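Protein chains in written order, with the working numbering: chain A, 18 to 246; chain W, 18 to 246; chain P, 18 to 246; chain L, 18 to 246.
Heads up, the beta-carbon is just placed ideally off N, CA and C, and yes, glycines get one too.
These numbers come from a predicted model, not from an experiment.
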């Protein structure tokens, strides 16, 4: 569907999503996933071909709903006064190729990035990993910054994986979710399990959980955990 | 004793315990034991067959006394509008089998969970461990999430142990206490000693304290430490 | 000098020191040196044979000037309604044997306690260590809790050392200072260098600074650093 | 240009820079780079031969614009009532020899100082390092504290390097920037990558990024990232 920002319903959806995305950046800070200006959140504006994303190089304390940038899915800016994140083309690529995704998060959170620096997947040795990621957290290839190559690496790596997180070689983490808050949750959980497994393997390699245990944990968490309608 | 929630005394006790349990979750956050919605506190309502527990999948910042869920000791909800924690059946199992326990805490705190991932007990190499846990912190078996199997693993593992904390293989930590605040304290101390011993053993294995030293420290801490009536 | 708490000057000095000691505990919390109730600060009341110390087992958030306990140097309580720290006899021992000491701090801060668990002195490989401690941070023997044995271990270990900090084997840290704030600073710096050196030695042993460099750094820091009258 | 502090324009510039430098110290604290009084920020007063720097040994919570010290580039105090940082002569040396530098930061941040303690450069294995530092973070020699030797070590080490950060052997970190906020950013990013690479190399050595990748990342970050006029 082509979105007309002049349409009142689209305009209201954009306004709402700018507020949501601005507020979600505070979760990156309070969960210790970012320093200075080094991570970003974006969201698809529901029912449109638009996304909302952090402006480039702006401090988290200075973010407001108004400073969020609206782009179309070719990464061209359609609203907002600031230049969008230099990862915008990659976020847009993900939204174009993963229609089920409504939110994307990128961070350099320390423990997850340490696994990414080694190009080593995080093995599924914890129930919390089976719950949230349904298996290992995979590693995607190194890709240059600024174009859509990172987006392509994310989409390719997540194909055929349950994981909502991908480690980008020598770089950091991307996570996706049905809603932007889900992607933020995945970024928080990714760093948490990256840290725990880092500590765990310091005294020797671990055996991953059995596949049937992982399957049972994942199914339960995705269908029973939390508040259901 | 069967509790009638319509009895004013029972009703007052429930109200009080909902407030206490809601507030204690803030200690999990401020002590860095949890991220997102990954841990929970419960309490027995004194003199009844009821427990109060966190609702499933709700953020710590959104918890109120009213949102706490009241269940009987078969884990059936008797009051509250939200679905209870998916660990409720295990909490209930613990209250049924450990009458001296008035509070239970579950977390995935990082250092303790790293020991749990390896299935390695934390050796008693610190006076703080002898004080609080009276020896090693033991490891219980892997158990699936959602039923009472985790509760059974906790009860079995703590039988014949002084420890108020148990590491659940590939999962996390459960702690118990006479009152819910005691269980929270045990969760805080468990993570603290898990971290310190993790750092300590990074340069080689350590010799545990002698049993008579552990016994003397534990006895003193349990009978003389703190404010006594 | 024997102090009469009824003497208005003594009474004012006690009141002032209770406030100071209560406030300094907040530094232990904000600097991440303690969890729950696991560390304490004491101070000598200047010009008297009295000390002010934390009550046993009371949460840091609940400390007030009034809740601080006043004891004489035999560790007998002379004012205050709560039971004093179970380390009081050891603090008193230190004040009796180290007349230049006006403040004592005890913590189980994680990195320093990890060195203590191994019984390994922290080698002087950083200018910050030479500045503050004038050399290695030494290790004292294991001593039981509750009596004055820990105090004796501290005094013995610090004899002939410039260090204001001592690691107590399998236990934690004691620091001393001319004023209680100096002892708190030493506790903060001890944990900071314990952490940094822990990280540094993870990739191989380090060569300590040369003695003449240590001497020059220590002399400068003790005589030139900061604001001088 | 010789600056006359009585000139209203110079006086206004000094006043502004004292406020800026006082405020930037809060970033050292909130980013966890310092404890007690162990790091400092300075700034060149634009268009003058003056610098503004932290007073020696004063707590971060007590810093005000008025307490900042103004010195000339021989490190002689020209305004302010407190003694300047004992690193002032080294800051002044850097401003004299690096005219493009408008701000200097010194910390003992833990991970970076651990690399400094070993005398080991931080290898450029992360895109974030290529972005900000354009390659490895180099190590300078040990130098005594109090004179300008540290400044000389910084200037010498950074010659021919893109890096805005230098690790001083057995000591800590110095960073430089066009403006003081840039130097603070470099200090924050230096600690962040020092931590991430420390974690990454714990399971084996890593291969640095290829030089052409580093060049491309650095060029893009320095010319395209953030908001441009």
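In the DSSP assignment, the residues bridged to residue 59 of chain A are A:70 and A:121. Beta-bridge analysis with DSSP links residue 191 of chain W to W:123 and W:183. Rounded to the nearest whole angstrom, the CA to CA distance from residue 68 of chain A to residue 160 of chain A is 22 Å.
In the three-state DSSP reduction, residue 153 of chain L falls in the coil class, being neither helix nor strand. Annotation for residue 170 of chain P: the continuous alpha helix (DSSP H) segment containing it runs 166-175. Here the alpha carbon of residue 37 of chain W sits roughly 34 Å from the alpha carbon of residue 78 of chain L.
Inclusion of residue 201 of chain W and residue 118 of chain W in the CB contact set at 8 Å is not warranted, their separation being larger than that value. Taking 8 Å as the cut-off, the Cβ atoms of residue 211 of chain A and residue 139 of chain A count as close. Taking the Cα positions, residue 145 of chain P is about 17 Å away from residue 166 of chain L. Between residue 244 of chain P and chain L, the shortest Cβ-Cβ separation is below 8 Å. Here residue 214 of chain P carries a helix assignment [DSSP, helix/strand/coil]. Residue-level contact check: residue 123 of chain L does not touch chain P, since none of the beta carbons of chain P fall below 8 Å from its beta carbon. 8 Å or more divides the Cβ of residue 80 of chain L from the Cβ of residue 204 of chain L. Residue 84 of chain P and residue 76 of chain P have their C-alpha atoms roughly 11 Å apart.
DSSP places residue 94 of chain L within a strand segment (E or B) once states are collapsed to three. Counting only Cβ-Cβ distances below 8 Å, residue 187 of chain W has contacts in chain A at 142, 143, 144 and 226, in chain order. When W:101, W:97, W:111 and W:56 are compared, the shortest CA-CA separation from residue 66 of chain W is found for W:111. According to the DSSP assignment, residue 89 of chain P belongs to the beta strand (DSSP E) that extends over 86-89. Under DSSP, residue 101 of chain A shares a beta bridge with A:72.
Closest by C-alpha distance to residue 241 of chain L, out of A:73, A:54, A:58 and A:59, is A:73. Against chain W, a Cβ distance below 9 Å from residue 99 of chain P picks out 244.
For the options L:231, L:164 and L:184, the alpha carbon positioned closest to that of residue 208 of chain L is the one of L:184. A distance below 7 Å between beta-carbons, with the five flanking residues on each side excluded, links residue 60 of chain L to the following residues of its chain, in chain order: 34, 37, 38, 68, 69, 119, 120 and 197. The beta-carbon of residue 161 of chain W is placed less than 8 Å from the nearest beta-carbon of chain A. Within its own chain, the residues whose Cβ lies closer than 6 Å to the Cβ of residue 149 of chain A, once the five positions on either side in sequence are excluded, are 206, listed in chain order. Here residue 179 of chain L is near residue 151 of chain L, since their CB atoms are less than 8 Å apart. For residue 209 of chain W, the nearest beta carbon of chain P is closer than 8 Å to its own beta carbon. Excluding five sequence positions before and after residue 21 of chain A, the CB atoms of its chain that fall closer than 7 Å to its own CB belong to 27, given in chain order. Neighbours of residue 72 of chain A across chain L, judged by C-beta separation under 8 Å: 244. It is roughly 19 Å from the alpha-carbon of residue 25 of chain A to the alpha-carbon of residue 94 of chain A. No Cβ-Cβ contact shorter than 8 Å links residue 141 of chain P with residue 134 of chain P.
Contact note: residue 241 of chain W reaches chain P through 103 and 163, using a C-beta cutoff of 8 Å and chain order. Where residue 236 of chain W is concerned, the enclosing alpha helix (DSSP H) starts and stops at 228-240. Residue burial is scored here from C-beta neighbours: residue 98 of chain A has fewer than 16 other C-beta atoms within 10 angstroms and is therefore classed as exposed.
Only residues of its own chain outside the window of five on either side were considered, and among them 56, 57, 104 and 191 have a CB closer than 6 Å to the CB of residue 123 of chain A, listed in chain order.
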